[in-house]
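Colleague:
In UniProt numbering, the protein residues as written are 1 to 57.
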């Protein structure tokens with residue numbers, strides 16, 4: 001059974017940058033329990049599934 005993550009833990013990982021809510025890839029990978037490299041590869045391979053403003057470099 002997967003462990004539930006509290007809303008508070010997630011909210012602490014959200015940053016406000018220039019008025020936009022963002023989450024660093026390392027924090028998102030940590031929440032999903034995957035390596036950062038695997039997360040970024042999955043996003044690049046499936047870029048058409050994400051909104052245009054989902055990720056920036």
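Even glycine gets a Cβ: it sits at the ideal position worked out from N, Cα and C.
Any idea what DSSP makes of residue 22, helix, strand or coil?
Modeller: Strand, per DSSP.
Colleague: Determine the contact status of residue 15 and residue 22, defining contact as a CB-CB distance below 8 Å.
Modeller: In this structure, residue 22 lies closer than 8 Å to residue 15 by Cβ.
Colleague: Excluding the five sequence neighbours on either side, which residues of its own chain have a C-beta within less than 7 Å of the C-beta of residue 55, listed in chain order?
Modeller: These residues qualify, in order along the chain: 43.
Colleague: First and last residue of the beta strand (DSSP E) that includes residue 14?
Modeller: Its beta strand (DSSP E) spans residues 14 to 17.
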